[in-house]
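Heads up, the sequence shown is in my numbering, so the first residue is 35 and it goes up one at a time. What follows is a short report on a single structure.
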Amino acid sequence: VCRRWREPDSGIWEPRGPLQHHTHSKLLCWVALDRLLALQHTQGFELPVARFVAERSAIRAAIEQQAFNPRLDAYAGALGGDQLDASVLTIPLYGFVDASSLRMRSTWAAVDRQLGNGAFVYRYRTPGEVPDEGTFAICAFWAIQCQAKSGDQAGATARFDRLLACANDVGLLAEEIDPRDGAALGNFPQGFSHIGLINAALALSAPPAQRDVPTHMPNIMEAGLT
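Here you go:
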């Protein structure tokens, strides 16, 4: 991670095209170092702590300085980019920032405005073009988690109920959902759609004091591990 996080990559969606410096990929590099440092702190592993701390800080700086686009008032899908990508909704889910922070609130609003269709969310969209695929269930569940963790339980619950209505008679969800009628599209059933559902349900059921705790490995935090 320390050696390669500065390299471009194909990103979570693996689009056909040039490699880019995807924000989500940089985030996961930050997560890898943050969790290793946490394990070192709690388990006493022998690690190059100083190097990991320095690289983790460098990744944070790159995301905050290069991924956040003032014109969009949101984290863009790539460093220095000007296009939104729903994967940036995972930023607070890994504990990089709080869902209630100003930057994440404005990012959520931008994604909802530009990639949202009711309760549904597209992965990304080319400005001025009609999407050629359905909305992605996992993206909608990320949006629900962010909304719940930022304090809007009622709005998040309404979205969650709409997503649940798209499951079949035995509760299975597809990879994609047609926003016009809720029809299943793409791979079926899709595991990550159900992972998103479970995480969204946990976010909605969390007591107020725990709503801003990261979804992924909530007991491992950056604070105090420098």
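Ideal Cβ placement from N, Cα and C applies to all residues, glycine included.
Where residue i falls: helix, strand or coil (DSSP)
| i | result |
| --- | --- |
| N151 | strand |
| A112 | strand |
| E80 | coil |
| A218 | strand |
| I125 | coil |
| E210 | strand |
| F194 | helix |
| Q54 | strand |
| N274 | Nothing about residue 274 can be reported from this structure: the residues present for the chain run from 35 to 260 only. |
| F102 | strand |
| T141 | helix |
| F130 | coil |
| A257 | Below a pLDDT of 50, predicted positions are generally treated as unreliable, and A257, at 42, falls in that range; the measurement from the model is reported next regardless. A257 falls in the coil class under three-state DSSP. |
| D203 | coil |
| D24 | Nothing about residue 24 can be read from this structure; the chain reaches only from 35 to 260. |
| D107 | coil |
| D43 | strand |
Straight-line Cα distance separating residue j from residue i
| i | j | result |
| --- | --- | --- |
| R137 | L113 | 15 Å |
| A110 | A96 | 12 Å |
| L71 | D215 | 46 Å |
| V145 | R159 | 10 Å |
| A201 | P82 | 47 Å |
| I229 | C36 | 29 Å |
| P223 | F154 | 18 Å |
| L231 | S44 | 26 Å |
| R94 | L207 | 34 Å |
| A120 | R90 | 23 Å |
| W142 | A240 | 20 Å |
| F86 | Q100 | 21 Å |
| Q54 | V122 | 15 Å |
| D116 | F102 | 9 Å |
| D132 | R69 | 17 Å |
| G152 | A235 | 19 Å |
| E41 | R50 | 17 Å |
| L219 | A188 | 28 Å |
| L67 | S140 | 27 Å |
| P242 | R38 | 39 Å |
| F130 | H58 | 11 Å |
| G205 | I46 | 26 Å |
| A237 | G225 | 19 Å |
| E209 | A88 | 38 Å |
| R147 | F79 | 45 Å |
| A92 | D203 | 48 Å |
| D186 | T124 | 17 Å |
Rounded distance between the beta-carbons of residue j and residue i, thought under 8 Å
| i | j | result |
| --- | --- | --- |
| F175 | L197 | 7 Å |
| L118 | L106 | 7 Å |
| R157 | C180 | Not a contact, Cβ separation roughly 16 Å. |
| G168 | I211 | 6 Å |
| S184 | S134 | 5 Å |
| R193 | A217 | The Cβ separation is near 18 Å, so there is no contact. |
| A190 | A182 | 4 Å |
Segment contact flag, the stretch 72-82 with the stretch 53-64, C-beta cutoff 8 Å, min 3 pairs: no
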